[in-house]
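Some notes on the structure that comes next.
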Amino acid sequence: MNLNVFRSKEEMGAAAAAKGAEYIRKAIADHGEANIIVATGASQFEMMSSMVKADNIDWTKVTMFHLDEYVGLPESHPASFRKYLKERFEQQLPTALKAAYYVNGEGDVVQNCLKLDEIIQKHPIDVVFVGIGENGHLAFNDPPADFETEKPYLVVELDEACRNQQLGEGWFPTLEDVPKKAISMSVKQIMKSKAIINTVPDERKAQAVKGTFEGEISNMCPASILRQHPECHTFLDEGSASLLNSR
0 MNLNVFRSKE EMGAAAAAKG AEYIRKAIAD HGEANIIVAT GASQFEMMSS
50 MVKADNIDWT KVTMFHLDEY VGLPESHPAS FRKYLKERFE QQLPTALKAA
100 YYVNGEGDVV QNCLKLDEII QKHPIDVVFV GIGENGHLAF NDPPADFETE
150 KPYLVVELDE ACRNQQLGEG WFPTLEDVPK KAISMSVKQI MKSKAIINTV
200 PDERKAQAVK GTFEGEISNM CPASILRQHP ECHTFLDEGS ASLLNSR
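Note that numbering that gives the first Met the number 0 has the sequence shown beginning at 0, numbered continuously upward.
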């Protein structure tokens, strides 16, 4: 278990991006390309702003996969994760990516999942960037999460705690506006990544962080499964680490 605590979100994000960049450079050096998975949400702001400025990465050799997306939300909506990634990540890079595979929550979502399943199974993932939800979720795998399915992408129900988090972060005007379903990368697919960069700022995440790293490994705290990954690096700030017994 690799825990790193920083005084500010900016220091945390910069350190997380630097570690992730190491894995991307190594993959390109070893295999001529890198395959990554990128998360969204408020927890990724600082990491993302540092990652797009990382030195000595040939982004034309990087294929990006998208972690999750709401069902039924158009890309033009301010809360769309496709919109987030294009504006905060892809369009900020100095060059185009080799390829970018986004999760489409519109139309036939089951078919959309199957298409992504087929593609990602041909791309062994070098590093995935994730966060932890206030309810301990990993991607949009809310408790009790499915730890067993081999499907790379799933249509999932969002619980009220998860939806309240999205409301509290300012993505939607009312709880009723927050979608009740999403497409999420599965827990097993996330754990297949060679390395995991887990970035978790803010005191509102402190209880989830404590449950993840000091509670039992359980699908009732989905992020707790990260403790079983040999190359998982977690980056916290003072607020998110505030309830941990040992830091």
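Glycine is no exception: its CB is placed at the ideal position from the N, C-alpha and C atoms. All values derive from a computational prediction rather than experimental measurement.
Notebook entry, point to check: Just the Cα atoms here: how many angstroms apart are glutamate 237 and glycine 106?
Noted result: Within the sequence shown, the letter at position 238 stands for residue 237. Within the sequence shown, the letter at position 107 stands for residue 106. Cα-Cα distance, rounded: 42 Å.
Notebook entry, point to check: Sorted by chain position, which residues of the same chain lie with C-beta nearer than 7 Å to serine 7's C-beta, five sequence neighbours on each side aside?
Noted result: To locate residue 7, count along the sequence shown from 1; it is residue 8. Answer for serine 7: Asp236, listed in chain order.
Notebook entry, point to check: Count the other CB atoms within 10 Å of the CB of threonine 59; is the residue buried (16 or more) or exposed (fewer)?
Noted result: In the sequence shown, residue 59 corresponds to position 60, counting from 1. Threonine 59 comes out exposed.
Item checked: Boundaries (first-last residue) of the beta strand (DSSP E) holding threonine 211 -> Counting from one through the sequence shown, the residue named residue 211 turns up at place 212. Taken as a continuous stretch (DSSP letters only), threonine 211 belongs to no beta strand (DSSP E), being part of the alpha helix (DSSP H) at 205 to 213.
Check: Taking the alpha-carbon positions, what's the proline 143 to methionine 219 distance?
Finding: Residue 143 sits at position 144 when you count from the first residue of the sequence shown. Residue 219 sits at position 220 when you count from the first residue of the sequence shown. Going from the Cα of proline 143 to the Cα of methionine 219 covers about 5 Å.
Note to self: Between His65, Asn134 and Lys180, which has its C-alpha nearest isoleucine 119's C-alpha?
What the structure shows: Taking the first residue of the sequence shown as position 1, residue 119 is located at position 120. Ranking His65, Asn134 and Lys180 by Cα distance to isoleucine 119 puts His65 first.
Check: Mind checking alanine 38: buried by the 16 CB within 10 Å criterion, or exposed?
Finding: If you number the sequence shown from 1, residue 38 lands on position 39. So alanine 38 counts as buried.
Notebook entry, point to check: For the candidate residues Phe44, Glu133, Cys231 and Ser223, whose alpha-carbon lies nearest to that of aspartate 145?
Noted result: Position 146 of the sequence shown, counted from the start, is the residue given in the question as residue 145. Out of Phe44, Glu133, Cys231 and Ser223, Ser223 has the C-alpha closest to the C-alpha of aspartate 145.
Margin query: So for alanine 99, helix, strand or coil by DSSP?
Written below: Reading the sequence shown from its first residue, position 100 is the one you call residue 99. The answer is strand: DSSP assigns alanine 99 an E or B state.
Next item on the list: Select from Met46, Met190 and Glu133 the residue whose C-alpha is nearest the C-alpha of glycine 210.
Entry: Within the sequence shown, the letter at position 211 stands for residue 210. For glycine 210, the nearest C-alpha among the options comes from Glu133.
Check: Under the DSSP definition of a beta bridge, which residues are partnered with cysteine 220?
Finding: The residue given as residue 220 occupies position 221 in the sequence shown. Beta-bridge pairing links cysteine 220 to Ser217.
Notebook entry, point to check: With burial defined as no fewer than 16 other Cβ atoms inside 10 Å of the residue's Cβ, what is the status of alanine 98: buried or exposed?
Noted result: Residue numbering aside, residue 98 sits at position 99 when the sequence shown is read from its first letter. Under this definition alanine 98 is an exposed residue.
Check: Is the beta carbon of valine 186 sitting closer than 8 Å to the one on valine 154?
Finding: Translated into positions along the sequence shown, residue 186 becomes position 187. Translated into positions along the sequence shown, residue 154 becomes position 155. Not in contact: valine 186 and valine 154 (Cβ atoms no closer than 8 Å).
Item checked: Whole-angstrom distance between glutamate 156 and glutamate 89, CA atom to CA atom -> Stepping through the sequence shown from its first residue, residue 89 is reached at position 90. Stepping through the sequence shown from its first residue, residue 156 is reached at position 157. Approximately 28 Å between the Cα atoms of the pair.
Next item on the list: Could you spell out where the alpha helix (DSSP H) holding histidine 30 opens and where it closes?
Entry: The sequence position of residue 30 within the sequence shown is 31, counting from 1. Unbroken alpha helix (DSSP H) run through histidine 30: 8 to 30.
Item checked: Identity of the residue in Val4, Ser241, Gly214 and Met50 nearest phenylalanine 128 by Cα -> Working through the sequence shown from its first residue, we reach residue 128 at position 129. Here the closest residue by C-alpha is Met50.
Note to self: Buried or exposed, going by whether 16 or more other CB atoms sit within 10 Å of the CB of serine 192?
What the structure shows: For this step, residue 192 is matched to residue 193 along the sequence shown. By the neighbour-count rule (16 or more Cβ atoms within 10 Å), serine 192 is buried.
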